[in-house]
Amino acid sequence: MIEIDPERLLKDLSTLRSFGAVGNGVVRTAFSDIDMASRRWLAEQLANADLKASVDGVGNVIATTEECSRSLLIGSHSDTQPTGGWLDGALGVIYGLEIARSYTEAGRLPGIGIDVVSWMDEEGTYFSSLGSRSFCGEFTDAELFELPSVQGGSIGDLLQRVGLGETSRSILDHDRYLGYLEAHIEQGPFLEKTGHRIGVVTSIVGVRDFVIRFHGSQNHAGTTPMNLRRDAGMAAVRTIHGLDRMLAATARDKTVWTFGEIRLHPGAASIVPGEAQVHLQVRDSDEGFLDLVTRQVEAHVEDFGRSSEVGLELESLQDAVRAVEMDDRMQGYCAHAAEVLVPGEWMRMQSGAAHDAQILASKMASGMIFVPSIGGVSHDFNEDTGADDIVLGCQVMAAAVGAILQDAAK
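Numbering (the working numbering) for the sequence shown: 2 to 411.
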């Protein structure tokens, strides 16, 4: 049995929160100075817990139990959105620290360890889930350095700039790992609204991202007649309206879509926009449906372009994030732990947000648990979870981890 220290857990979460704290929230975007400082602090705490800890060549904090040949990997990410909450990702990282430390204090099982990780750039400031993708071997060193950054330039340029260009990467050792567990705030309203305190994740949705660019003619807003305009802004608005209606007619029960970014150029009140850009994101747990949506979006944009005076182009961003199922056995361990600690106060549920566990699931048995988000708020400075729920989530995960390790030792 792994007994965590609730006071120490909350203190470490508070300390991590201080790196980039802004009001109630945190600004700790990937590869920023404050992010790198927080990773050095985390590596120090993990080393103090008798793990071998370092920051690898893409910024992952990786801590391993050296004398163990088999290990369970626990973690999440510690980078934030540009205006982020204090628990998104950080919760799962500090759970990993606390559970590994408590396991060491209790006396480890012979040859069976806990490794802890804080993934880099899950939020996609430069390249979505860069750290977990690197760990899973999705690209060679040469391919990594050539990856395009969302901010422009290459990932190689970025790594050189932050001093990681010559640092080696940690790559998954398939023979070592029993599996991967990640804890996270729900980032939605379901646990709170239904009165459940723990969510056992069954699946994680797939994500499709599209950018639509509109090329019109910039002109004077007062002297250009309406019938002679090639207004990129109006074309963007009409396309959004058409896509929204199309998606509403096609959507399944839990399909969600967001027009999260709209840009007009030059963006002045007295100028007809000559250029516009719209970012559409669609999420669903069914890969076949997401493939259908992709074809429908492509057809809609093509049809609109044929009838419009404004030029349109559609781009699908990076690789599609695939929907995945969580491992049945990992779900079972988490569900049993929840039922023992809070009988009847937990539920199985789908994750509507993407997570690093989505990447790990293709390489090893993976599982996730959720704790409630107050008001269903996340990716916002007001993101929060009650202290009792934070502690309970760690206790549930510790119980699940203990059972996994005990079974592995048999």
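Idealized CB from N, CA, C, for every residue including glycine.
Residue i: first and last residue of the uninterrupted alpha helix (DSSP H) it sits in
{"i": "Leu131", "result": "131–136"}
{"i": "His197", "result": "Per DSSP, His197 belongs to no alpha helix (DSSP H) and is neither H nor E."}
{"i": "Arg239", "result": "233–251"}
{"i": "Gln359", "result": "357–361"}
{"i": "Glu144", "result": "142–147"}
Residue i - DSSP class collapsed to helix/strand/coil
{"i": "Met2", "result": "coil"}
{"i": "Glu447", "result": "Outside the displayed span of the chain (2 to 411) sits residue 447, for which this structure offers no information."}
{"i": "Arg162", "result": "helix"}
{"i": "Asn49", "result": "helix"}
{"i": "Pro111", "result": "coil"}
{"i": "Arg209", "result": "strand"}
{"i": "Ile63", "result": "strand"}
{"i": "Gln152", "result": "coil"}
{"i": "Ser77", "result": "strand"}
{"i": "Arg214", "result": "strand"}
{"i": "Asp285", "result": "strand"}
{"i": "Ile272", "result": "strand"}
{"i": "Trp120", "result": "strand"}
{"i": "Glu8", "result": "helix"}
{"i": "Val343", "result": "coil"}
{"i": "Gly223", "result": "coil"}
{"i": "Ala321", "result": "coil"}
{"i": "Leu295", "result": "Correcting the residue type first, residue 295 is Thr in the shown sequence and not Leu. If DSSP states are grouped into helix, strand and coil, Thr295 belongs with the helices."}
{"i": "Val378", "result": "coil"}
{"i": "Gln188", "result": "coil"}
{"i": "Tyr104", "result": "helix"}
{"i": "Leu14", "result": "helix"}
{"i": "Leu406", "result": "helix"}
{"i": "Ile391", "result": "helix"}
{"i": "Leu412", "result": "Outside the modelled stretch of the chain, which goes from 2 to 411, sits residue 412, for which no answer is possible."}
Start and end residues, beta strand (DSSP E) containing residue i
{"i": "Glu316", "result": "312–317"}
{"i": "Gln351", "result": "347–352"}
Selected residue, minimal CA-CA separation from residue i, among the options
{"i": "Ala101", "options": "Glu346, Ser15, Ser72", "result": "Ser72"}
{"i": "Leu98", "options": "Thr65, Phe20, Gly125", "result": "Thr65"}
{"i": "Gly200", "options": "Asn49, Val402, His337", "result": "His337"}
{"i": "Ala277", "options": "Ala270, Val151, Val238", "result": "Val238"}
{"i": "Thr195", "options": "Met350, Gln407, Phe20", "result": "Met350"}
{"i": "Ser119", "options": "Thr126, Arg109, Ser133", "result": "Ser133"}
{"i": "Glu288", "options": "Ala321, Leu281, Trp258", "result": "Ala321"}
{"i": "Thr256", "options": "Pro344, Arg264, Asp122, Asp245", "result": "Asp245"}
{"i": "Phe20", "options": "Asp142, Arg253, Gly345, Ser39", "result": "Ser39"}
{"i": "Asn61", "options": "Glu68, Val298, Ala44, Ser15", "result": "Ala44"}
{"i": "His356", "options": "Arg170, Glu147, Asn25, Ile205", "result": "Ile205"}
{"i": "Tyr1", "options": "Ala401, Ser309, Ala410", "result": "There is no way to answer for residue 1, as the model of the chain reaches only from 2 to 411."}
{"i": "Glu340", "options": "Asp304, His197, Ala409, Ile156", "result": "His197"}
{"i": "Arg230", "options": "Ile272, Leu248, Phe211, Leu10", "result": "Ile272"}
{"i": "Cys137", "options": "Cys69, Arg209, Lys364", "result": "Lys364"}
{"i": "Gly86", "options": "Val23, Ile63, Glu139", "result": "Val23"}
{"i": "His301", "options": "Tyr334, Ile213, Gly261", "result": "Ile213"}
{"i": "Asp210", "options": "Glu299, Asp408, Gly387", "result": "Glu299"}
{"i": "Leu159", "options": "Thr141, Phe128, Arg41, Val28", "result": "Phe128"}
{"i": "Glu384", "options": "Ala31, Gln82, Glu314", "result": "Gln82"}
{"i": "Thr141", "options": "Gln161, Asp122, Arg162, Ile172", "result": "Ile172"}
{"i": "Ala270", "options": "Gln219, Ser286, Thr259, Asp254", "result": "Gln219"}
{"i": "Arg29", "options": "Pro344, Phe305, Asn49, Gly125", "result": "Gly125"}
{"i": "Ile95", "options": "Gly164, Glu8, Ala31", "result": "Glu8"}
{"i": "Gly393", "options": "Met331, Ala410, Val378, Val372", "result": "It is Leu, not Gly, that sits at residue 393 in the sequence shown. Of the candidates Met331, Ala410, Val378, Val372, the one whose C-alpha sits nearest the C-alpha of Leu393 is Val372."}
{"i": "Thr259", "options": "Ser309, His242, Gly333", "result": "His242"}
{"i": "Val208", "options": "Thr251, Ser286, Gly164", "result": "Ser286"}
{"i": "Asp36", "options": "Arg18, Met348, Ile115", "result": "Arg18"}
Those residues which DSSP pairs with residue i across a bridge
{"i": "Met369", "result": "Glu183"}
{"i": "Glu262", "result": "His280"}
{"i": "Ser72", "result": "Gly114, Tyr178"}
{"i": "Ala22", "result": "Val27"}
{"i": "Val56", "result": "Val62"}
{"i": "Glu326", "result": "Ser204"}
{"i": "Val257", "result": "Arg284"}
{"i": "Gly85", "result": "Val27"}
Presumed contact (8 Å Cβ cut-off) between residue i and residue j, rounded CB distance
{"i": "Glu183", "j": "Ser79", "result": "Not quite, the Cβ-Cβ distance comes to about 12 Å (not below 8 Å), so this is no contact."}
{"i": "Ser352", "j": "Leu361", "result": "Their Cβ separation, rounded to whole angstroms, is 14 Å, which puts Ser352 and Leu361 out of contact at 8 Å."}
{"i": "Ile3", "j": "Ala143", "result": "Rounded, the Cβ-Cβ distance is 41 Å, inconsistent with contact."}
{"i": "Thr225", "j": "Val279", "result": "Rounded, the Cβ-Cβ distance is 22 Å, inconsistent with contact."}
{"i": "Ala236", "j": "Val311", "result": "4 Å"}
{"i": "Ile370", "j": "Val397", "result": "6 Å"}
{"i": "Val117", "j": "Ile75", "result": "6 Å"}
{"i": "Asp89", "j": "Thr168", "result": "Rounded, the Cβ-Cβ distance is 26 Å, inconsistent with contact."}
{"i": "Leu293", "j": "Val283", "result": "The pair is not a contact, with the Cβ atoms about 10 Å apart (cut-off 8 Å)."}
{"i": "Leu110", "j": "Met121", "result": "So it is not a contact: roughly 30 Å between Cβ atoms."}
{"i": "Leu47", "j": "Ile391", "result": "Between Ile391 and Leu47 the Cβ distance is about 20 Å, and since that is not below 8 Å, they are no contact."}
Min CB distance residue i to chain B below 8 Å
{"i": "His78", "result": "Absent here is chain B; the protein component of the structure consists of one chain."}
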